[in-house]
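Numbering (the working numbering), first residue to last: 5 to 143.
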Amino acid sequence: MKTARRKILAEKIAAGDKISAIAEDCGISREHASREIREPETQALIAEMMDSRRVLALSLLDESLKVIRDSYKAKRFVVVDKTLKDLGADHFARLAGVQRYTALMLAGRIVKAEEKKQTHGPITIQAIEAAILAHRASL
5 MKTARRKILA
15 EKIAAGDKIS
25 AIAEDCGISR
35 EHASREIREP
45 ETQALIAEMM
55 DSRRVLALSL
65 LDESLKVIRD
75 SYKAKRFVVV
85 DKTLKDLGAD
95 HFARLAGVQR
105 YTALMLAGRI
115 VKAEEKKQTH
125 GPITIQAIEA
135 AILAHRASL
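This is the structure:
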């Protein structure tokens, strides 16, 4: 029974389901689901499932990066009097590419509690100018 549930938990975690949803589906508490997911046997099942999908994951990552790279070259076009006019760079598509790349690079990154705390207020233009002047003076 426990082995079957661990396999279900591992499959759901590998699929990206949230622990609270998994616990509800399995009819157990969130704490119990979390504890079982952290068990070495369950972790081994998760690793095995992820390893079996590694080639697919790497190929999808490669394709995603190619699409993002292509978005950096995006252009806007419009048809005027049956003629295709080049309007130049599509900045919205290019910025969307940057946003997707940033999200991809930060995916799965564990943020430490101390990194989450902001130790300063908003940065002002005066603070930036002062930092630039200090940097130039140090050169």
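Where is the CB? At the ideal position from N, CA and C, for every residue including glycine.
Note that the structure is a prediction, hence the values are computed from the model and not measured.
If you draw a straight line from the alpha carbon of Gly101 to that of Lys6, how long is it in whole angstroms? Distance between the alpha carbons of Gly101 and Lys6 is about 44 Å.
One or two residues paired with Thr87 in a DSSP bridge: Val84
Going straight from the alpha carbon of Asp55 to that of Ile23, what length do you get? 21 Å
Using C-beta distances below 6 Å, list every residue in its chain close to Tyr105, excluding the 5 sequence neighbours before and after it, in chain order. Result list for Tyr105: Ile72, in chain order.
Report yes if the CB atom of Arg80 is closer than 7 Å to the CB atom of Leu91, and no otherwise. yes
Backbone secondary structure at Gly125 - three-state DSSP: coil
Are the region 41–48 and the region 6–15 in contact at 8 Å, needing three or more beta carbon pairs? yes
Measuring only the C-alpha atoms, how far is Val83 from Lys89? 6 Å
Measure the alpha-carbon distance for Cys30 versus Arg9 and round it to whole angstroms. 8 Å
Using 10 angstroms around the beta-carbon of Ile127, count the other beta-carbons present and answer buried if the total reaches 16, otherwise exposed. exposed
Pick out the complete beta strand (DSSP E) segments inside the region 23–96, 3 residues or longer, and give them in chain order. 79–84, 87–93, all fully within the region 23–96.
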